[in-house]
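**Q**
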Amino acid sequence: MKRSLLLPLLLVATPALAQASLQQRVEAKLGEAATGTRFGLVVTDADDKEIVAVNPDGRFMPASNTKMFTTAAAYASLTGLDQPDAAGGAAVRIEGQDVILEGHGDARLSSAADCTVDCLATLADAVAAKTRHVRNVVGDDTAFPDQRWSPGMSWNNIPSRYGTGISALTLDDNELVIDVTPGAVGARPGVALPLPYYSVDNRMVTVAGSERKIGYDRAPNGTVLRLTGTIGVDAKPDPLRVGIDDPAHYAAWRFRALLEARGVKVTGDVAARHRAPMPDDDPDARNGAPAARPPVQPALARLTPPPLAEDVVRINKESQNLHAELLLRRVGLKRGGGSIADGMIEVRAMLDTAGVPRTAWDLSDGSGMSTYNRAAPRGTVQMLRWIAAQPWGAAWRASLPIGGVDGTLARRFKGTLLEGKVFAKTGTINATNALSGYLIAKNGKMLTFSSFANDVPADASATKFIDAALVLVAEAN
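Quick note: the sequence shown uses my numbering, first residue 10, plus one each step.
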């Protein structure tokens, strides 16, 4: 009698024991990280059952996992993402004797010599066909309020490409490329700045070997770029990419050069036109009503960029900060103002629809550069599961990096069970690592997960422990 009762009890208890064992093994793996690292991890199966839960409702800095919220809100609130982006294209118009280069939020406008799509040269051709004399060249980014940096972004990121200014008139990713080449040992390295928008204060020194330890700095809104550090005489080429603080001014500066190359005489100055942030840019101040926007003026010519869906892929695969910030503001245009706050209304509407508790998130930007951002693993998984059930869910998931294959996961999970079977957004900022998305377990079923590591000690990384924990989960399911 006792024996006949024991077998059913064991059959019931065994799955629970296996579950506890997996939880313990995952916790042990995460516990191998540097002392002080704080982890959060939730993994659910296809039936929304939690397989692993480590500090599931803790609030963590999500770093670039923030881009998932931004890009999903774009799919949830905008229409026609797979169609050419007629609303976002830059335009040019004549205002008296002045040329006005006008931005509408497109992130992909290019002045490259080999540009074939979404090219600034196309607008220069239109002006040259209309007139041979202009006065001022003005960059106009008033489609968005002048919020070039989000609340909570570290000031030291401003000179870099990761913290470049955000503007409705964006050109060449709002960054400049600088080539540094070694000189003789003890001498100053060479500096090539193809577009002399900045002047360079070269304080670098060439040393023996092949190591590069180059630093750069620039005062906010300053035009002098100070280069410091050392470069080995045998160092390989590795261009520096530095940010631009006033993208509208830079775009107008480049446009002037293109006009002059086409024989258009410019007698005036290069200037920028901004829309100062006002209380009207706060949806709470206007009780949710659409903001007043500058009237649309007739254009001499206007570009039609490729579909926004293509840019979502770049944002998530490459973790492109500038493009994510512009997309958040584009989402905010639905509310009329195009401000950060407008964009966040749409993010909240999406999360409310998905049933994500308000305590599970606080966001201050669209890219993850803000240190004010917070997200909980359980709430993030809830959003991811909701996304998967949407008509656009498969297209959105296809924008995520694939482990061991492409994007920011190209070098991770290689040689493991998850190579080619994890689709997730990475995140890295000071003392923070994150990875959230979907994975295919050993049994072939799709699992949803969100993992965060905060308070990671300097010079350490938690990514290998996050990856190892996910492999353990995949092998056990």
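Positions of the beta carbon are idealized from the N, C-alpha and C atoms, including for glycine.
Look at H332 and A135 and say whether their C-beta atoms are less than 8 Å apart.
**A** It is not a contact, given that the beta carbons lie outside the stated cut-off.
**Q** How big is the Cα-Cα spacing for D181 and A121?
**A** 8 Å
**Q** Near T313, what residues of its chain come up, given a Cβ to Cβ distance below 6 Å and the 5 sequence neighbours on each side ignored?
**A** P93, A95, G98
**Q** Quick check: the Cα distance between P410 and A152, rounded to an integer number of angstroms?
**A** Approximately 31 Å between the Cα atoms of the pair.
**Q** Exposed or buried, what is D468 when buried is set at 16 or more other beta-carbons lying within 10 Å of its beta-carbon?
**A** exposed
**Q** Do the segment 159-171 and the segment 373-380 meet, that is, are 3 or more Cβ pairs less than 8 Å apart?
**A** yes
**Q** Is P198 near V189, with beta carbons less than 8 Å apart?
**A** yes
**Q** Could you name the residues that DSSP lists as bridge partners for V189?
**A** V200
**Q** Is N463 closer than 8 Å to E433 when the C-beta atoms are compared?
**A** The displayed chain sequence assigns Ala, not Glu, to residue 433. For A433 and N463, no; Cβs fall outside 8 Å.
**Q** Taking its Cβ as the centre, do 16 or more other Cβ atoms sit within 10 Å of N452, making it buried, or is it exposed?
**A** exposed
**Q** Using the Cβ count rule (16 or more neighbours within 10 Å means buried), how would you classify R367?
**A** With fewer than 16 other Cβ atoms within 10 Å, it is exposed.
**Q** Comparing C-alpha positions only, which one of T472, N145, R357 sits nearest to V101?
**A** N145
**Q** With a 10 Å radius around its C-beta and 16 neighbouring C-beta atoms as the bar for buried, classify T232 as buried or exposed.
**A** Flag for T232 reads exposed.
**Q** Once you ignore the five residues that flank H258 on each side, which residues in its own chain have a CB closer than 6 Å to its CB?
**A** G148, A281
**Q** Determine which residues share a DSSP beta bridge with F461 and list them.
**A** G49, A443
**Q** Kindly identify the DSSP beta-bridge partner or partners of I103.
**A** V108
**Q** Look up A62 in the DSSP assignment and give the residues it is bridged to.
**A** V51
**Q** For K274, is the classification buried or exposed, using 16 other Cβ atoms within 10 angstroms of its Cβ as the cut-off for buried?
**A** exposed
**Q** Excluding the 5 residues flanking T23 on each side, which residues of the same chain have their C-beta closer than 6 Å to its C-beta?
**A** Note that T23 scores a pLDDT of 43, beneath 50, so its modelled location is shaky; the value from the coordinates is reported in the next line. Excluding residues within five positions, none has a Cβ falling inside 6 Å.
**Q** Answer yes if the segment 31-41 comes into contact with the segment 398-417, meaning at least three C-beta pairs across the two stretches below 8 Å, and no otherwise.
**A** no
**Q** T239 bridges to which residues according to DSSP?
**A** V214, K222
**Q** Give the single residue among D255, I324, V200 whose Cα lies nearest to the Cα of T179.
**A** Comparing Cα-Cα distances from T179 to each of D255, I324, V200, the minimum goes to D255.
**Q** Between N486, L129, A244, Y207, which has its C-alpha nearest L448's C-alpha?
**A** N486
**Q** Excluding the 5 residues preceding and the 5 following L267 in the sequence, name in chain order all residues of the same chain whose CB lies nearer than 8 Å to its CB.
**A** For L267, where only same-chain residues beyond five positions count, the Cβ hits under 8 Å are S120, L129, A130, A133.
**Q** Starting from the C-beta of A137, find all residues in its chain whose C-beta is less than 8 Å away, skip the five residues before and the five after it, and write them out in chain order.
**A** So the list reads L268, R271, G272, V273, once near-sequence residues are dropped.
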